[in-house]
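Enquirer: Dropping a structure here in structure tokens format, bear with me for questions.
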Amino acid sequence: MGMLVHLLGGVTYILGPLVIWLIKKDESPFVKDQGREAMNFQITVIIGFAIATATDLIPFFGSCMAPFLWLVAVVANLIFAILGGLEANKGIIYRYPFALRLIKE
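According to the numbering used here, the sequence shown is numbered sequentially starting from 228.
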């Protein structure tokens, strides 16, 4: 399940990790921790999308930069979700780089 929360995050953003975390958090401390980590990263990615969208409002610069920022956010999300899934599959606690730790205990 720890692996699944990361991999689902790469596809469903916060929805998949949230559902698994809500269902399994009381059964496994590992899934509770990794679900929280995956959700924190997905929230960070969503904030990145919001910033990219906001840059789109800037004349010329934003219209050139926003698609690049969206692409970076999507690719980073997929890469780090796969890395998190692989580490969790080995039973290793994975910490996303650049993730805001908004959801605590």
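Ideal placement from N, C-alpha and C gives every residue a C-beta, glycine not left out. This structure is a prediction, so every number in the text was calculated from the model and none was measured.
#1: Based on Cα-Cα distance, which residue from N267, F257, D260 lies nearest to I241?
#2: Could you work out which residue in Q261, G237, T239 is closest to M228 when comparing CA atoms only?
#3: For the alpha helix (DSSP H) that contains D260, what are its first and last residues?
#4: Just curious, the alpha helix (DSSP H) that M228 is in, first and last residue?
#5: Within a Cβ cutoff of 7 Å, which residues of the same chain sit near G312, ignoring the five residues on either side of it in sequence?
Expert: So, from the data block:
#1: N267
#2: Q261
#3: 256-282
#4: First-last for M228: undefined, no H or E at that position.
#5: M230, H233, L234
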